[in-house]
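Residue numbers (the working numbering): 73 to 359.
What follows is the structure, given as structure tokens:
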């Protein structure tokens, strides 16, 4: 499970740069709509092409209400905030704000009574947060130009945290794949319906083949594979232990941005990466 969560972090950290590059000639609404449609198609194909479709019969009215809520918040609203934010803020700002999600998830989980966060794990969270600040806190651009993007990303963090915590009860009753496929499909459908006028008006011929490739890469890895890993982690490890891996996302994001987008890596960022790893080890393995 830890190996899978590290793979998820590598994918999500890289996804910041992938989306940023693709949005150079791919309008953000159509880009995200195509990502969601692609990922939804994969999920539904897996569900209806395997024995997993038999599990749909066991879903109750209460389950469908929960799934609709989760899809609305965790896919529709979150994806709207994330892609809109990436275009309007820097990789540093975006990864810093996303890095706050483990704290929000841990607090929400404790309030909801899903988990009890022991003092030593709060220490690990504090160490990792300090490392997170060292990685992207120094020199982060908080100007008016990025303020809207920063607010959108914070809105995405809240949506993702609610999604992660609120999904834990239904994950005790149903398999992660079933929950992911249905919540994602519900949210993706709402997104596409909302953007239908924009999609009709889009000049698809102006979008490069490379941007289409980036869209497919982001959909299959960041939305299909990584979502499945995330939900499996929630089911096996709980919200706070799974979400702590999000601390590593800014580290990966900084490295990829340095290589691909020529953003420099400072000594503070290297020291911060070490602190993040230390916080992760404390929070994940110390009981």
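Glycine included, every Cβ here is placed at the ideal spot set by N, Cα and C.
Length at least 4, wholly inside the segment 116-174: the alpha helix (DSSP H) runs in chain order | Taking only runs of at least 4 residues, the alpha helix (DSSP H) segments lying wholly in the segment 116-174 are 133-143, 150-160 and 163-170.
For the segment 324-335 against the segment 87-105, are there 3 or more C-beta pairs whose distance is under 8 Å?
-> The answer is yes - the segment 87-105 touches the segment 324-335, with three or more Cβ pairs under 8 Å.
Measure from the alpha carbon of residue 137 to the alpha carbon of each residue in 242, 221, 80 and 194, then state which is nearest.
-> Position 65 of the chain shown, counted from the start, is the residue given in the question as residue 137. For residue 137, the nearest C-alpha among the options comes from 242.
Just confirm the distance between the C-beta atoms of residue 438 and residue 248, as a whole number of angstroms; I'd bet it's less than 8 Å.
-> Residue 438 cannot be examined here, being either before or after the span of the chain that is shown, 73 to 359.
Residue 73 by DSSP, collapsed to three states: which one?
-> Looking up residue 73 in the chain shown gives position 1. Coil at residue 73, not helix or strand.
Are there three or more Cβ pairs, one per stretch, closer than 8 Å when the segment 260-275 is compared with the segment 95-108?
-> By the Cβ criterion, the segment 260-275 is in contact with the segment 95-108, since at least three pairs of Cβ atoms, one from each stretch, lie closer than 8 Å.
Unbroken alpha helix (DSSP H) run spanning residue 307, endpoints | Here the question's residue 307 lines up with position 235 in the chain shown. Per DSSP, residue 307 belongs to the alpha helix (DSSP H) from 298-309.
Measure from the alpha carbon of residue 180 to the alpha carbon of each residue in 126, 133, 236 and 140, then state which is nearest.
-> Taking the chain shown and counting its residues from 1, the one referred to as residue 180 is at position 108. Among 126, 133, 236 and 140, the Cα nearest to that of residue 180 belongs to 236.
Mapping DSSP to helix, strand and coil, what is residue 267?
-> For this step, residue 267 is matched to residue 195 along the chain shown. Coil at residue 267, not helix or strand.
Where does the unbroken alpha helix (DSSP H) through residue 282 begin, and where does it stop?
-> Walking along the chain shown from the start, residue 282 turns up at place 210. 281-289 is the span of the alpha helix (DSSP H), which, as asked, contains residue 282.
Over the uninterrupted alpha helix (DSSP H) stretch that includes residue 329, give me the two end residues.
-> Sequence index remark: in the chain shown, residue 329 carries index 257 (1-based). Where residue 329 is concerned, the enclosing alpha helix (DSSP H) stretches over 321-332.
For my contact list, residue 239 and residue 229 are in at a C-beta cut-off of 8 Å; report their separation, rounded to the angstrom.
-> Here residue 239 refers to the residue found at position 167 when the chain shown is read from its first residue. Here residue 229 refers to the residue found at position 157 when the chain shown is read from its first residue. Not quite, the Cβ-Cβ distance comes to about 16 Å (not below 8 Å), so this is no contact.
Assuming residue 178 and residue 100 form a contact by the criterion Cβ under 8 Å, report the distance between their Cβ atoms to the nearest whole angstrom.
-> The residue labelled residue 178 in the question sits at position 106 within the chain shown. The residue labelled residue 100 in the question sits at position 28 within the chain shown. About 31 Å; that fails the 8 Å criterion.
Could you tell me whether the segment 115-128 touches the segment 190-199, where touching means 3 or more Cβ pairs closer than 8 Å?
-> Because the criterion of three Cβ pairs below 8 Å is not met, the segment 115-128 and the segment 190-199 do not touch.
Going by other Cβ atoms of all chains shown within 10 Å of its Cβ, with 16 needed for buried, is residue 184 buried or exposed?
-> Within the chain shown, residue 184 is the residue found at index 112, counting from 1. It counts as exposed.
Terminal residues of the continuous alpha helix (DSSP H) containing residue 241?
-> Here residue 241 refers to the residue found at position 169 when the chain shown is read from its first residue. That run of the alpha helix (DSSP H) goes 240-243.
Report, in whole angstroms, the separation of the C-beta atoms of residue 354 and residue 196, which I expect to be a contact under 8 Å.
-> By 1-based counting over the chain shown, the position of residue 354 is 282. By 1-based counting over the chain shown, the position of residue 196 is 124. With a Cβ gap of about 3 Å, residue 354 and residue 196 count as contacting.
Drop a sphere of 10 angstroms on the beta-carbon of residue 346, count the other beta-carbons inside from all chains shown, and report buried for 16 or more, exposed for fewer.
-> Looking up residue 346 in the chain shown gives position 274. With fewer than 16 other Cβ atoms within 10 Å, it is exposed.
6 Å CB neighbourhood of residue 350 in its chain, flanking five on each side removed = The residue you call residue 350 lines up with position 278 of the chain shown. Once the five neighbours on either side are set aside, the close Cβ partners of residue 350 are 199.
If you draw a straight line from the C-alpha of residue 310 to the C-alpha of residue 273, how long is it?
-> What you label residue 310 is simply residue 238 of the chain shown in a count that begins at 1. What you label residue 273 is simply residue 201 of the chain shown in a count that begins at 1. Rounded to whole angstroms, residue 310 to residue 273 spans 43 Å at the Cα level.
DSSP state of residue 98 mapped onto helix, strand, coil = Residue numbering aside, residue 98 sits at position 26 when the chain shown is read from its first letter. When secondary structure is reduced to three states using DSSP, residue 98 falls in the coil class, being assigned neither helix nor strand.
If we call anything under 8 Å between Cβ atoms a contact, is residue 114 one with residue 254?
-> Here residue 114 is taken as the residue at index 42 of the chain shown, counted from 1. Here residue 254 is taken as the residue at index 182 of the chain shown, counted from 1. The beta carbons of residue 114 and residue 254 sit no closer together than 8 Å.
Secondary structure of residue 203, DSSP reduced to three states | Counting from one through the chain shown, the residue named residue 203 turns up at place 131. For residue 203, the three-state secondary structure derived from DSSP is helix.
If we call anything under 8 Å between Cβ atoms a contact, is residue 146 one with residue 259?
-> Locating residue 146 in the chain shown gives position 74, counting from the first residue. Locating residue 259 in the chain shown gives position 187, counting from the first residue. Judged by their CB atoms, residue 146 and residue 259 are nearer to each other than the 8 Å cut-off.
Whole angstroms is fine: what's the gap from residue 342's alpha carbon to residue 276's?
-> If you number the chain shown from 1, residue 342 lands on position 270. If you number the chain shown from 1, residue 276 lands on position 204. Their Cα atoms are separated by approximately 41 Å.
For my contact list, residue 173 and residue 318 are in at a C-beta cut-off of 8 Å; report their separation, rounded to the angstrom.
-> For the purposes of this step, residue 173 is identified with residue 101 of the chain shown, where counting begins at 1. For the purposes of this step, residue 318 is identified with residue 246 of the chain shown, where counting begins at 1. 5 Å between Cβ atoms; contact.
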